[in-house]
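J.:
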Amino acid sequence: MSDQLFSLGQIVATPGALKALKTSGETPMDFIKRHASGDWGVAHEDDKELNDDAIWDGTRILSVYVTKNDVTLYCITEADRSATTLLIDNEY
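In short: position in the sequence shown from 1, add 36, done, that's my numbering.
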């Protein structure tokens, strides 16, 4: 991804996230690309500011998206950039 702002590490998705994405006709990469490029979705404004800082200070990055079927999807990159996980609300 040419507009990637930070390392994602290993990309994983929970069974719940995969099911929600399949049902909505979307793919994990639809959201991973947004996350990696600094589109934090519907995350709270305070969290968006923390994410902007996290790109440089190495803390956790959290994006929040809503699928076409209104399922809340979280995308979290660990502080050490070892992994990025997609999960749904009740798995958070």
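Note that the Cβ used here is the ideal one computed from N, Cα and C, for glycine as well.
Does the CB of D88 have a neighbour CB from chain D at under 8 Å?
T.: Reference to chain D is not applicable here, since this structure consists of a single protein chain.
J.: So is T113 buried or exposed if we call it buried at 16+ other beta carbons inside 10 Å?
T.: Counting Cβ neighbours within 10 Å, T113 comes out buried, since at least 16 surround it.
J.: Which same chain residues end up closer than 8 Å to T50 when comparing Cβ atoms and leaving out the 5 residues on each side of it in sequence?
T.: T121, L122, L123, I124 and E127
J.: Quick one: what does DSSP say S60 is sitting in, helix, strand or coil?
T.: The three-state reading of DSSP puts S60 in helix, counting H, G and I together.
J.: Considering L41, what are the terminal residues of the beta strand (DSSP E) in which it resides?
T.: L41 -> no beta strand (DSSP E), and no H or E assigned at all.
J.: Since A90 is in the alpha helix (DSSP H), which residue starts that stretch and which ends it?
T.: E81 to D93
J.: Counting beta carbon pairs with one atom in the region 58-68 and one in the region 79-90, are three or more of them shorter than 8 Å?
T.: Not touching, per the Cβ criterion.
J.: Quick one: grab the DSSP three-state call for A53.
T.: Here A53 sits in helix by DSSP.
J.: Cβ of R117 within 8 Å of Cβ of S43?
T.: Going by beta carbons, R117 and S43 fall inside the 8 Å limit.
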